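Okay, so here's the structure we're looking at.
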Amino acid sequence: MEKKDSQASAMLVQKHQLDSSDSKISELDVALNALLGAQKGNDQALDGMLADMEALLAESGVSFDAQATEISVDMLSYVNDGSTSERFYIPQISLLDAPAFDENISWDSYVSNVEKYASEHDIDLQNDPFDRLLTPTQRISLEKRIKDEFTYKNANCDKYDYLLAGTCGVIGGLIDVFFVGLPGQGKLTTFTDKAVDQSVQMFAKAFGWKGAAEGGDATKSAIGFLERNFKVNYDQATTYGKNGTDGLVDNLSPKNHHLKSLGHSPDLVGLFFSILNQFTNTSTFVSNGKIITIETESFELQGSNFISKVFCGFVNWLGHLFSDMAGSSGASSRGAGIPIPFYNWLLLINVGEFGKHKQTFATIATKVFEQGYDFRHGLAMAIPVLITELLTRVMWVCKKRFYHKADWADCIPTANNPELRRMLLVAHGSLCLVDAGDAALRSGGDMVQFLLRTNLIGWVRFGHLAYKEVIAWHKAGHINADAVDEYLEREYSQMLVK
Numbered sequence: 002m003e004k005k006d007s008q009a010s011a012m013l014v015q016k017h018q019l020d021s022s023d024s025k026i027s028e029l030d031v032a033l034n035a036l037l038g039a040q041k042g043n044d045q046a047l048d049g050m051l052a053d054m055e056a057l058l059a060e061s062g063v064s065f066d067a068q069a070t071e072i073s074v075d076m077l078s079y080v081n082d083g084s085t086s087e088r089f090y091i092p093q094i095s096l097l098d099a100p101a102f103d104e105n106i107s108w109d110s111y112v113s114n115v116e117k118y119a120s121e122h123d124i125d126l127q128n129d130p131f132d133r134l135l136t137p138t139q140r141i142s143l144e145k146r147i148k149d150e151f152t153y154k155n156a157n158c159d160k161y162d163y164l165l166a167g168t169c170g171v172i173g174g175l176i177d178v179f180f181v182g183l184p185g186q187g188k189l190t191t192f193t194d195k196a197v198d199q200s201v202q203m204f205a206k207a208f209g210w211k212g213a214a215e216g217g218d219a220t221k222s223a224i225g226f227l228e229r230n231f232k233v234n235y236d237q238a239t240t241y242g243k244n245g246t247d248g249l250v251d252n253l254s255p256k257n258h259h260l261k262s263l264g265h266s267p268d269l270v271g272l273f274f275s276i277l278n279q280f281t282n283t284s285t286f287v288s289n290g291k292i293i294t295i296e297t298e299s300f301e302l303q304g305s306n307f308i309s310k311v312f313c314g315f316v317n318w319l320g321h322l323f324s325d326m327a328g329s330s331g332a333s334s335r336g337a338g339i340p341i342p343f344y345n346w347l348l349l350i351n352v353g354e355f356g357k358h359k360q361t362f363a364t365i366a367t368k369v370f371e372q373g374y375d376f377r378h379g380l381a382m383a384i385p386v387l388i389t390e391l392l393t394r395v396m397w398v399c400k401k402r403f404y405h406k407a408d409w410a411d412c413i414p415t416a417n418n419p420e421l422r423r424m425l426l427v428a429h430g431s432l433c434l435v436d437a438g439d440a441a442l443r444s445g446g447d448m449v450q451f452l453l454r455t456n457l458i459g460w461v462r463f464g465h466l467a468y469k470e471v472i473a474w475h476k477a478g479h480i481n482a483d484a485v486d487e488y489l490e491r492e493y494s495q496m497l498v499k
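Add 1 to the 1-based position in the sequence shown for this note's numbering, that's all there is to it.
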């Protein structure tokens with residue numbers, strides 16, 4: 002070992018103490034058995050001597066007065082002058098040694114005492130301690146458990162697993178085709194649009210919005226309230242003009258400025274750039290495959306110190322996202338929402354030539370967003386993906402329990418199970434095949450229409466599962482750190498509960 006593990010060192014010393022205690026107990030057993038044997042021999046010899054004396058006295062006609070307690074001087078002289086036999090000898094048993102310890106000792110002091118004890122007793126603390134801490138049986142048992150529970154394994158699926166997974170994926174794909182469709186048109190998109198409108202109103206009420214005026218639109222009123230109370234300095238919406246970028250960001254418009262402005266992204270990247278822009282009076286955009294930062298008008302965050310200013314910046318970012326999530330207060334229809342998390346990074350892929358105008362992929366991604374492929378549509382796309390995920394897991398549990406007759410404790414659908422992992426891959430792959438087939442048929446070769454009908458959430462989930470499957474195939478037999486962390490987290494939680 003390159004570095005000594007103090008806990009392993011303590012365990013080695015404690016094992017040495019246990020072994021020494023066992024050895025000392027054996028030594029005591031030997032000494033006690035020797036004493037018992039000697040005592041038994043003495044008892045037998047004494048009984049024999051008493052019997053011989055009684056016989057001799059009876060033969061000689063000598064009798065003793067029972068009341069007499071004095072021993073004659075002649076008898077004492079005979080006993081004292083008699084030759085002594087060799088005395089029985091047992092070697093002295095030494096005391097056990099132990100590292101100094103008390104209830105107030107610190108860990109560092111205890112480790113120092115452990116190392117001193119190890120040095121005095123020739124205990125090697127450098128090499129792998131577990132070769133000496135575990136018995137061969139324990140080592141075999143531990144290796145088997147690690148192999149079964151904490152290593153990457155290839156899936157061992159049968160035809161029913163693939164059939165169930167494929168069916169679940171097709172069901173999810175059909176839901177995507179018939180109930181999601183194009184942004185703003187599918188039933189699920191309409192449902193999520195209304196849900197977002199409600200969430201915007203609830204968020205506004207939490208910050209003091211009193212509701213819409215009589216006959217007014219509640220959602221637009223809530224958006225207007227949030228726009229007035231959560232203003233930001235990075236909300237430029239055009240390339241030129243009063244609220245523009247002086248030509249620094251090409252093709253910026255009210256339809257796409259939420260996409261091109263990194264501070265409008267509802268993810269950690271968006272939070273980072275929002276705080277940065279609010280602190281530095283700048284705006285950060287993605288344009289032509291590049292990240293562009295421009296100076297803005299002076300903007301002062303509330304708060305008396307750095308921490309409070311960061312918190313106010315976070316609240317301002319969140320409130321501004323809610324003001325843009327359902328469009329703007331002046332939009333005549335659905336309006337431009339905020340992008341799907343991390344979608345704006347597609348604008349960095351400024352390569353390729355698509356369509357008759359030979360547009361780059363970044364331009365295509367921008368046009369797709371401008372036609373409603375936003376956060377609200379992302380929520381709608383997530384529904385068939387979630388249904389596919391849940392159906393597949395339920396089918397795996399049912400098959401495990403009722404077909405394989407496994408205990409309920411063994412039917413927990415954890416992501417580290419190789420068969421479940423493979424079934425999820427097949428299920429989401431089937432969903433993506435149905436989705437891609439529908440998009441290809443209905444788009445007529447138009448790249449924008451193809452992407453508008455593509456379920457990005459499903460493809461991301463499929464890609465993630467494919468990556469995990471490739472890693473598991475490549476690392477088959479190696480330790481799965483995620484499984485170990487999950488097990489330790491579960492054990493720690495149980496310890497805290499107890």
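By construction, the Cβ of each residue, glycine as well, lies at the ideal position given by its N, Cα and C atoms.
These figures come from a predicted structure and were not determined experimentally.
Taken through DSSP and simplified to helix, strand or coil, F403 comes out as helix.
Cβ neighbours of N278 within its own chain (closer than 8 angstroms, five residues either side excluded): V233, N234, Y235, G264, S284, T285, T297. T361 places its beta carbon less than 8 angstroms from that of N351. Taking the Cα positions, R146 is about 33 angstroms away from D123. Selection T455, M326, M496, V395 evaluated against A383 yields T455 as nearest (Cα-Cα). By the CB criterion at 8 angstroms, N157 and E354 fall outside the cutoff.
Looking at the backbone, the Cα of S10 and that of P130 are separated by about 7 angstroms.
About 5 angstroms separates the CB atoms of L302 and K310; that is less than 8 angstroms, so the two are in contact. As the crow flies, the alpha-carbon of V449 is around 6 angstroms from that of I365.
According to the DSSP assignment, T367 belongs to the alpha helix (DSSP H) that extends over 362-371.
For V352, no alpha helix (DSSP H) run applies, since DSSP gives it neither H nor E. At the C-beta level, T152 and G478 come within 8 angstroms of one another. As for any alpha helix (DSSP H) of minimum length 4 sitting wholly inside the region 115-162, the runs are 131-134, 137-150, ordered along the chain.
The beta-bridge partner set that DSSP reports for K291 consists of S288. DSSP places W474 inside the alpha helix (DSSP H), whose first and last residues are 457-475. Between T193 and the set M203, V181, F204, the nearest pair of CA atoms involves V181. Beta bridge pairing from DSSP links S262 with F286. In the DSSP assignment, T239 is bridged to G245.
In this structure G167 does not touch V386 by the C-beta definition: roughly 16 angstroms separates them, more than the 8 angstroms allowed. Around the CB of L164, fewer than 16 other CB atoms lie within 10 Å, so the residue is classed as exposed. Ranked by Cα distance from N252, the first of R140, R133, F376, S288 is S288. Checking the DSSP bridge columns, you'll see I480 partnered with T152. Leaving aside the five residues that flank A467 on each side, the residues in its chain whose CB is nearer than 7 angstroms to its CB run, in chain order, L426. When DSSP states are grouped into helix, strand and coil, E55 belongs to the helix group. The Cβ atoms of L249 and I295 sit closer than 8 angstroms to each other. Straight through space, the alpha carbons of I172 and V201 are spaced by roughly 32 angstroms.
The criterion of a C-beta distance shorter than 8 angstroms is not satisfied by I91 and A46.
Per DSSP, the beta bridge partners of E296 are T283. Pairwise C-beta distances place the region 388-406 out of contact with the region 437-452, as fewer than three of them are shorter than 8 angstroms. In the structure shown, the three-state DSSP call for R443 is helix. D159 has its alpha-carbon roughly 17 angstroms from the corresponding atom of G170.
Note that the C-beta distance between S107 and I224 is not below 8 angstroms. DSSP places A219 inside the alpha helix (DSSP H), whose first and last residues are 219-230. At a Cβ-Cβ threshold of 8 angstroms, M50 and L134 do not count as neighbours. Comparing C-alpha distances from Q8 to each of A56, A52, S113, F343 shows the shortest one belongs to S113.
Setting aside the 5 residues that flank it on each side, Y241 is surrounded in the same chain by D247, G248, each with a C-beta closer than 8 angstroms to its C-beta; the list follows chain order.
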